[in-house]
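The structure appears below as structure tokens.
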Amino acid sequence: MMTLSRRRLLTGTAGLLVAGVLTQALPGSLAFASPPLAAAVAPSASFTAISTRLTGLEQPDALLAQRLYSWLHDHFPQLDSQLDTLNALLQQQPAANGSSLLALLSTHPKALNDLYQALVSGWYLGVVGPLPRPQCIAFENIVSYQLLRDSLLPPSYAPGQPNFWTQPPARRAHV
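Start counting the sequence shown at 1; every next residue gets the next number (UniProt numbering).
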């Protein structure tokens, strides 16, 4: 049987008080191991039109679109006007692609070229941002894998297909 002394009562009360204060003082992102939620910014019509043109997909991945647009929204102050300009430019030059499109963009402000590069990098590589600290926003749902999903699996160190470990291994007779 445990007896309750004044020392144990004071120590327990102080511990509960400190724990209560700390849980109130810690931000939610430090207290729990969950990633911060992306800002709920809805992609514009120009972003959707440009994304459809750049990816060649009728319906690009919605989650990747949201992540890419949120990142662009945070890093390009004039995003909506730049997207409108880029969309108009792409509509005026429907045959422009690859090096001809890069040559065309080089005659425009650098911010427009940077936006185009970020869009292509985000959709096809899943990586955005400058080289010292680029940010990965997607992996297996990037356009590069979507276009080849019938013949290639996303690269990994795993020896089998995705989720191969969910199936029990085949029994083999010992020799």
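Where is the CB? At the ideal position from N, CA and C, for every residue including glycine.
Being a predicted model, the structure only gives us computed values, none of them experimental.
For residue i, three-class secondary structure by DSSP
{"i": "Val-127", "result": "strand"}
{"i": "Gln-59", "result": "coil"}
{"i": "Gln-146", "result": "helix"}
{"i": "Gln-24", "result": "helix"}
{"i": "Gln-92", "result": "helix"}
{"i": "Gln-135", "result": "strand"}
{"i": "Ser-70", "result": "helix"}
{"i": "Phe-76", "result": "coil"}
{"i": "Val-41", "result": "coil"}
{"i": "Ala-173", "result": "coil"}
{"i": "Thr-13", "result": "helix"}
Other residues of its chain near residue i: CB distance less than 6 Å, five sequence neighbours each side excluded
{"i": "Ser-144", "result": "Tyr-124"}
Cutoff 8 Å; reference residue i; Cβ partners in own chain excluding five residues on either side
{"i": "Arg-7", "result": "none"}
{"i": "Ser-46", "result": "Asp-80, Leu-83, Asp-84, Leu-86, Asn-87"}
{"i": "Leu-104", "result": "Leu-89, Gln-93, Ala-96"}
For residue j and residue i, believed in contact at Cβ under 8 Å, the rounded distance
{"i": "His-73", "j": "Val-41", "result": "5 Å"}
Beta-carbon contacts of residue i that lie in its chain and below 7 Å, excluding the five residues immediately before and after
{"i": "Leu-86", "result": "Ile-50, Leu-112, Leu-115, Tyr-116"}
{"i": "Ser-44", "result": "Asp-80, Leu-83"}
message: Would the region 59-68 count as touching the region 92-102 if we require 3 or more Cβ pairs under 8 Å?
response: With the cut-off at 8 Å, the region 59-68 and the region 92-102 do not touch.
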